[in-house]
Every structure is written in structure tokens, then in C-alpha cells.
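Colleague:
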Amino acid sequence: MARIHLKTVGRRIIAFLENAGEFGLFGARVVRDAFRRPLEVQEIGRQIIEIGTRSVPLIIPCGIALGIVMSLHTRASLVRFGASSMIPAAMTIATFRELGPMVTGLLVAGRVGAGIGSELAGMRVTEQIDALESLAIDSFKYLVITRVTACVLALPVLTILMDFSGLMGGLFSEATVSHISATLYVHRGFAAMGWSDYIPTTLKTTVFGFIIGAVSCFLGYTATKGAKGVGHAATRSVVLSSLLLILVNIILVKLTFFWFS
Amino acid sequence: MDSHANSLIRLDHVAKSFGRRTVLEDLSFEVSAGEAFCILGKSGGGKSVTLKLMIGLLASDRGSIVIDGQELEALDRNDLLEVRKKVGFMFQDGALFDSIPLGENLAFPLRRHTSRSEKEIREVVREKLSEVGLEKELTKMPADLSGGMRKRAGLARALVLDPPILLADEPGSGLDPVTAAEIGGLLQELKEKQRTTLVVVTHDAARVHGFADRLGVLDRGRMIACGTPEELADSRDELVRALASGGEAKDVFSKS
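Line by line, the protein sequences give chains Y and L.
Anchor point for the first sequence: position 85 equals 85 in the numbering used here, and the numbering is continuous, going up by one each time.
Anchor point for the second sequence: position 141 equals 141 in the numbering used here, and the numbering is continuous, going up by one each time.
1) Quick check on Y/L39: does DSSP put it in helix, strand or coil?
2) Could you pull the DSSP bridge partners for Y/V152 from this structure?
3) Measuring straight from C-alpha to C-alpha, what distance separates Y/E50 and Y/V112?
4) If contact is defined by three or more beta carbon pairs under 8 Å, each pair taking one atom from either stretch, is the region 202–221 of chain Y in contact with the region 113–124 of chain Y?
5) Could you give the DSSP three-state label for L/M90: helix, strand or coil?
6) Rounded to the nearest angstrom, what separates L/A249 and L/A205 at their Cα positions?
7) Roughly how many whole angstroms lie between the Cα atoms of Y/G82 and Y/I14?
8) State whether the region 66–77 of chain L contacts the region 91–100 of chain L, with contact taken as three or more CB pairs (one from each stretch) at a distance under 8 Å.
9) Where does L/S254 fall in DSSP's three states?
10) Taking L/G41 as part of the alpha helix (DSSP H), name the residues at either end of that continuous run.
11) Name, going along the chain, the residues of the region 134–158 of chain Y whose beta-carbon falls closer than 7 Å to a beta-carbon of chain L.
12) Please compile the residues from chain L whose C-beta is within a distance smaller than 8 Å of the C-beta of Y/T126.
13) List the residues that DSSP assigns as beta-bridge partners of L/C279.
14) With DSSP collapsed to three states, give me the class of L/R111.
15) Does the distance from the CB of L/P171 to the CB of L/K151 come in under 8 Å?
16) Output yes or no for whether 8 Å exceeds the beta carbon distance between Y/E188 and Y/A89.
17) Excluding five sequence neighbours on each side, which residues of the same chain lie with their C-beta closer than 8 Å to the C-beta of Y/I68?
18) Measure the beta-carbon distance from Y/V30 to Y/L66 and round it to whole angstroms, keeping in mind my assumption that it falls under 8 Å.
19) Within 8 Å, do at least three Cβ pairs link the region 24–43 of chain Y to the region 123–136 of chain Y?
20) I want to see whether chain Y comes within less than 8 Å of L/I55, judged by CB atoms only; does it?
21) For L/F262, which of helix, strand or coil comes out of DSSP?
22) Can you look up Y/G117 in the DSSP assignment and give me helix, strand or coil?
23) Determine whether the Cβ of Y/A114 lies closer than 8 Å to any Cβ atom of chain L.
24) From which residue to which residue does the alpha helix (DSSP H) around Y/A28 run?
25) Let me confirm a value: L/D162 is counted as buried when at least 16 other C-beta atoms fall within 10 Å, else exposed. Which label applies?
26) For L/L81 and chain Y, any beta-carbon pair shorter than 8 Å?
27) Using a Cβ-Cβ distance cut-off of 8 Å, determine whether Y/A131 contacts chain L.
28) What residues are listed by DSSP as bridge partners for L/D169?
29) Which of the three DSSP states is assigned to Y/A214 in this structure?
30) Output, in chain order, the set of chain Y residues within a Cβ distance shorter than 9 Å of L/H113.
31) So with CB distances below 7 Å, who are the chain Y contacts of L/F89?
32) Quick check: the Cα distance between Y/S242 and L/T22, rounded to an integer number of angstroms?
33) Using only alpha-carbon positions, find the residue among Y/L240, Y/A192, Y/L167, Y/W195 that is nearest to Y/A182.
34) Closest to Y/F96 by C-alpha separation, out of Y/M193, Y/N19, Y/R11, would be which residue?
35) Comparing C-alpha positions only, which one of L/L53, L/K191, L/I9, L/V49 sits nearest to L/V66?
36) Mapping the DSSP letters down to three states, classify L/R195 as helix, strand or coil.
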């Protein structure tokens with residue numbers, strides 16, 4: 001009995017390592033092929049609209065709502081210590097440093113990850129990817145590189161949108177409760193911030209974009225097993241890219257502190 | 001120089017397995033320019049795999065595949081894409097790009113591989129679609145087309161770059177006899193008027209009797225018989241005879 005369990009565990013470990021290895025090779029191919037001609041600029045532009053522009057209606061309301069909620073929590077804590085004037089600074093630092101990038105990453109992983117995973121998996125199982133190849137079109141460049149590039153380029157812009165939407169939400173909440181002016185809120189909010197609070201935290205979202213794009217493209221592009229495979233690719237794209245995002249964020253935060261201490 | 005001088009397509013001792021399942025064990029055949037060669041075999045017998053190997057959509061485990069003098073295994077990715085421009089591939093279910101209209105399905109490869117103007121591209125698309133009787137469906141999405149229409153559209157797209165070779169995967173399967181005959185007629189016309197080299201795989205020889213110059217029977221990963229339709233119809237092998245005649249094969253299949 002124990003031997004059977006051991007065999008099953010062993011098989012799962014081998015399968016996991018195989019998948020991790022395949023994904024590693026896939027990611028390396030993405031990096032290599034991204035700089036190979038043709039650059040597929042038109043398709044990248046189309047994907048930026050699909051991935052970036054169409055995520056805006058999701059990002060802005062979420063940012064505003066997050067800002068309001070954060071502001072309510074921050075007020076409840078800081079008022080106890082008579083530090084309500086610190087609310088804008090606390091809000092801005094929390095939003096720009098961590099909440100904005102992370103929440104944007106997770107929202108895009110949910111919306112775009114599932115979309116890319118299911119779209120490519122659908123194309124794989126209906127032989128559309130083979131059809132592209134048969135028409136002498138490099139499907140990897142056309143489908144994968146364009147989507148990953150679009151994710152990498154769109155994430156920082158969406159993060160900035162999320163950051164400022166959060167700020168607006170916080171301002172709205174504070175203005176309602178304490179009647180603080182917009183100028184004072186913004187002044188207090190950014191007084192404690194330096195460039196190292198904006199640039200690295202925003203740029204790290206390019207890594208998030210790569211993770212979301214590469215994971216969902218990998219799962220979609222290599223999908224099998226018909227309609228079931230399409231469903232699996234969509235679900236696993238969201239789960240795996242969200243999980244990786246959270247784990248990789250730990251390393252990125254540590255590196256940010258190390259380089260911009 | 002050698003016996004293969006006239007062959008446009010040549011497969012030599014090709015083998016292909018998926019995991020433990022061997023699909024092709026030792027497959028060899030040649031097709032000359034302008035010839036229509038049909039591969040017959042039972043469903044799941046490796047016919048589609050053979051076609052996919054012939055344009056490098058799958059890599060063989062062993063053996064060599066030569067298309068128009070170029071050995072696929074020796075080509076880098078860019079050269080392989082160049083070879084594919086010479087080969088049209090008609091997929092079993094059409095494999096149309098479902099996010100764009102039918103006309104765009106045909107215009108897409110033209111925009112990628114030719115320097116034609118948009119006006120010329122529109123003309124070519126209309127011409128190709130009218131050849132398969134779909135000129136009125138230009139703006140329809142693939143999901144709005146019937147199975148037969150999708151197959152014909154897949155044929156039009158495969159031919160849009162005027163390739164000298166066409167590979168067709170089960171062109172008549174799943175269709176009513178009239179539509180299947182229409183597609184057979186289109187393939188025959190292609191062979192006679194444009195001298196296109198055809199490799200057609202099917203499990204139903206009746207669909208290809210009109211235009212096939214030679215038939216090959218694929219069984220258990222090997223080409224067990226190869227010859228003209230008349231030669232195979234007189235074969236001693238029951239399976240070969242049944243497949244080549246295109247009917248009353250039920251008993252033979254149940255025995256094997």
C-alpha cells in the first residue's frame with residue numbers, strides 16, 4: 001500500500017518537474033523569439049487593445065472601490081492614534097508600492113489569463129494553430145509572442161491607472177468624511193513619496209505581465225484533450241499565473257528593497 | 001540520376017509514435033508531379049498523421065520526408081515555412097479561423113506572403129471563393145457556415161497561394177453524398193486544369209475514384225499495397241480489395 005502511494009507521489013513529482021521544465025523552455029523561447037523578425041507590430045497593437053484597453057473598464061472601478069475601502073480602514077486605525085493627517089500618505093504609499101501593482105496583476109490574470117488560455121486552447125484543438133502553420137505563418141510568433149509582449153507593455157500602464165483610481169477613491173472617501181481639499185490630500189499623499197516608490201514598483205509589473213502572458217499562452221498553446229482541455233487551460237491559466245504572481249512578488253519586493261533601500 | 005528524380009514528394013521508412021502507441025511503423029511512398037495519390041486506411045490508422053508529417057506539423061521519429069527536393073528534417077524553421085508555401089493543406093473540419101469572417105480567412109495568407117494591393121487581394125479572394133461556390137458567403141463568420149461549406153472554404157483557403165501541391169485530409173467525410181461529390185469534382189478539376197499534385201487521405205475510396213491515379217493502402221503503420229485503382233481492386237488481400245472498392249468493407253474490418 002505504502003509502495004503504491006510512493007509510486008503515485010513519485011509520478012506526480014516527475015510530472016511536475018516535466019511541466020516546470022517545459023514551461024522553462026517555453027519562457028526561454030518567448031524571450032529569444034521576441035527579438036526575431038517579423039516583429040508582428042500590427043498584431044501586438046491589436047493585442048494591446050484587447051488586453052490593455054479592454055481591461056480599463058475593470059481597472060478603474062476596482063481602483064476607486066479599493067481606494068475607498070482602504071481609506072475607511074486606514075482612517076479607523078489612524079484616528080485612534082490622532083494621526084488622521086497621515087491618512088493620505090499611508091494610502092498613497094500602500095497603493096503605489098504594493099496594492100496597485102498586485103491587484104492589477106491579479107485582475108488581469110483573471111480577465112486576460114483565462115481569455116488567452118481558452119482562446120489558444122480552442123485554436124489548438126480545432127486545428128487552427130496547425131492551419132496557421134500550414135499557411136507558412138509562424139504560429140508561435142503570431143500568437144504567443146504578440147500576447148506576451150502586449151501583457152508586458154499593458155501591465156505598467158494599467159497599474160498606473162489603478163494607482164490613480166485608488167488615489168481618487170481615497171480622496172473621495174476622505175473628502176466626504178473630513179472635508180479635506182483635493183490639493184491638500186494630494187500634497188500630503190505625495191510628500192512622503194520618492195521616485196523609488198513609483199518606478200520600481202510600477203516596472204515590476206512588466207514581470208507580472210510576462211508571467212500572465214507566458215503561463216496562459218503555455219497552457220493554451222500546448223492544450224490537448226478537446227473541449228475539456230480548453231476548460232482546463234482557462235482555469236489553470238488563472239490559478240497558476242495568480243499563484244506565480246504572488247510568489248514572484250516576494251522576490252521582487254525583496255530586490256526592490258535591496259536596490260532602492 | 002536516380003529512381004526518385006521525378007518524385008515531388010518522397011517518404012522513406014518513416015516512423016511515428018505517440019508515447020507507447022506506434023502509429024506509423026515503416027512508411028514509404030513517392031508521388032510524382034501532377035499525380036493524384038490517395039491513401040486509404042481505417043479510421044485512426046495514421047492517415048492524418050502522415051499528412052501532418054508531410055508539412056512538418058509533426059516530426060517523424062525515423063526516416064526521411066522530401067518535398068520538392070528538400071528534406072524536411074534538415075530544414076531550419078524559416079526554410080520549413082518556405083516549403084509550406086508550396087503546399088496547401090485542406091483540414092478535415094476546415095480549421096477556419098473562427099474569429100474573422102470567411103473572406104478574411106483567405107485574405108490573411110495573401111497579405112502575409114504577397115505584395116498584392118488590397119484591391120487585388122479582394123479580387124483573388126472572390127475568385128477563389130467563387131471556384132468553390134461560396135462567393136456570397138464572403139462576409140459570413142465560419143460559425144455561420146454548414147459543415148460542407150466549411151470544407152469548401154478550407155479548400156479555397158488551402159489554394160489561395162496557388163500551391164503546386166495539395167494535401168487533403170478526408171475531404172468527403174461527414175458530408176452528404178452530393179456535397180462530397182462536389183468536393184471530389186473540385187479536386188478533379190484542380191488536378192486536370194492546374195496540374196496540382198494531390199495527396200488525399202480517406203477511408204472511402206468511392207470518393208476518390210474519379211481522379212485518383214494511384215491508391216495506397218495504409219494498415220498498421222505500413223503501406224501494404226500501392227497501385228492503380230484497378231490493380232488494387234483485383235488484389236488478393238481482402239482488406240485492400242475492400243478499401244479500394246470503397247464498399248462492403250464492414251466484414252473485413254471486423255475481422256482485422
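Here a beta-carbon is modelled for each residue, glycine too, at the ideal position from N, C-alpha and C.
Since the model is a prediction, treat every value here as computed from it, not as a measurement.
Modeller: In terms of the structure at hand:
1) Y/L39 sits in coil when the DSSP states are folded into three classes, being neither helix nor strand.
2) DSSP lists no beta-bridge partner residue for Y/V152.
3) Each residue's Cα considered, the two are about 9 Å apart.
4) Segments in contact, yes.
5) Here L/M90 sits in strand by DSSP.
6) Its pLDDT being 44, under 50, L/A249 is placed unreliably in this model, and the value from its coordinates should be taken loosely. Roughly 11 Å separates the two Cα atoms.
7) Each residue's alpha carbon lies about 57 Å from the other.
8) Counting Cβ pairs under 8 Å, fewer than three are found: no touch.
9) Confidence is the limiting factor: at L/S254 the pLDDT is only 40, short of 50, which leaves the residue's position unreliable and the question unanswerable from this model.
10) Counting along the chain, L/G41 sits inside no alpha helix (DSSP H); it lies in the beta strand (DSSP E) bounded by residues 36–41.
11) So the list reads S134, L135, A136, I137, D138, given in the order they occur along the chain.
12) Below the 8 Å Cβ cutoff, chain L contributes D93, A95, D98 as neighbours of Y/T126, in chain order.
13) The structure shown does not extend to residue 279 of chain L, since chain L is modelled only from 1 to 256, so the question has no answer here.
14) The DSSP-derived three-state label of L/R111 is helix.
15) Contact: yes.
16) Just to set this straight, residue 188 of chain Y is Arg in the shown sequence, not Glu. Contact: yes.
17) The beta carbon of Y/I68 sits closer than 8 Å to the beta carbons of G169, G170, F172, S173 from its chain, once the five residues preceding and following it are set aside; these are given in chain order.
18) Actually they are not in contact, since the Cβ atoms of Y/V30 and Y/L66 sit about 31 Å apart, beyond 8 Å.
19) No, the region 123–136 of chain Y is not in contact with the region 24–43 of chain Y.
20) Yes, contact with chain Y.
21) Because chain L here runs from 1 to 256, residue 262 of chain L falls outside it and cannot be looked at.
22) Helix, per DSSP.
23) Closer than 8 Å: no.
24) Run containing Y/A28: 2–33, per the alpha helix (DSSP H) assignment.
25) Exposed: under 16 other Cβ atoms inside 10 Å.
26) Closer than 8 Å: yes.
27) Closer than 8 Å: yes.
28) DSSP lists L/V201 as the bridge partner or partners of L/D169.
29) In this structure, Y/A214 counts as helix in the three-state DSSP scheme.
30) Going along chain Y in sequence order, the residues near L/H113 (Cβ under 9 Å) are L135, A136, I137.
31) The answer, in chain order, is S134.
32) Roughly 39 Å separates the two Cα atoms.
33) Ranked by Cα distance from Y/A182, the options Y/L240, Y/A192, Y/L167, Y/W195 are led by Y/L167.
34) The shortest C-alpha to C-alpha distance from Y/F96 to any of Y/M193, Y/N19, Y/R11 is the one to Y/M193.
35) Of the listed residues, the one whose Cα sits closest to L/V66 is L/I9.
36) In the three-state scheme derived from DSSP, where H, G and I count as helix and E and B as strand, L/R195 is classed as coil.
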